Amino acid sequence: MDTHSVTEAAKAVAEKAAELAANAQILATQAAGMASETAPAAGGNEFWFLLTVFVLAVFLGFYVVWSVTPALHSPLMGVTNAISSVIIVGALIAAGPAEFSGSQVLGFFAVMLASVNIFGGFIVTQRMLQMFKKKQK
Numbered sequence: 001m002d003t004h005s006v007t008e009a010a011k012a013v014a015e016k017a018a019e020l021a022a023n024a025q026i027l028a029t030q031a032a033g034m035a036s037e038t039a040p041a042a043g044g045n046e047f048w049f050l051l052t053v054f055v056l057a058v059f060l061g062f063y064v065v066w067s068v069t070p071a072l073h074s075p076l077m078g079v080t081n082a083i084s085s086v087i088i089v090g091a092l093i094a095a096g097p098a099e100f101s102g103s104q105v106l107g108f109f110a111v112m113l114a115s116v117n118i119f120g121g122f123i124v125t126q127r128m129l130q131m132f133k134k135k136q137k
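For the sequence shown, my numbering gives the first residue as 1, with consecutive numbering after it.
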């Protein structure tokens, strides 16, 4: 394979990754809009509303990730690093209250898991980039 075809393939992969990310964002926005419209009308408990949103997000994430072709997994890892950094900000806010509560414990665990995801993603990305460097003779 010459460098031109590799460059074109990389551009195609990046475009497909951007398209998948945009579709996922649209779906998440629509799901959040539908959930916020139905929650007050149902008159239910806030816990069940939040649990429903969480379960829907898990299914959406599962189907988005497993529908990605293997060539797009490395760019997807870069996107998940960015998402995990946003998760850490939210987890720090949850872990921040002065009084000890369940949200503080969950926030702490969210910070730990997101940190593992971010640093693991950087390690995987670094190893992937090493594969494309020319070998020194």
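Ideal placement from N, C-alpha and C gives every residue a C-beta, glycine not left out.
Note that the coordinates shown come from a computational prediction; the quantities given were computed from them, not determined experimentally.
Residue i (DSSP reduced to helix, strand or coil)
i, result
"residue 109", "helix"
"residue 96", "coil"
"residue 25", "helix"
"residue 101", "coil"
"residue 7", "helix"
"residue 69", "coil"
"residue 134", "coil"
Residue span of the alpha helix (DSSP H) that contains residue i, given as start and end
i, result
"residue 61", "46-66"
Expected contact under 8 Å - CB spacing of residue i and residue j to nearest Å
i, j, result
"residue 60", "residue 13", "Actually they do not touch by this definition, with Cβ atoms about 22 Å apart."
"residue 20", "residue 68", "7 Å"
"residue 31", "residue 56", "6 Å"
"residue 24", "residue 64", "5 Å"
Buried versus exposed call for residue i [16 or more other C-beta atoms within 10 Å across all chains shown]
i, result
"residue 84", "buried"
"residue 121", "buried"
"residue 18", "exposed"
"residue 94", "buried"
"residue 91", "buried"
"residue 107", "buried"
"residue 110", "buried"
Cβ neighbours of residue i in the same chain (closer than 6 Å, five flanking residues each side left out)
i, result
"residue 87", "114"
"residue 103", "94"
Residues of its chain near residue i, where Cβ-Cβ distance is below 8 Å and the 5 sequence neighbours each way are ignored
i, result
"residue 138", "The requested residue 138 does not occur in the structure, where the chain is confined to residues 1 to 137."
Chain D within 8 Å of residue i, Cβ atoms only
i, result
"residue 50", "Within the model displayed, chain D is absent; a lone protein chain is all it includes."
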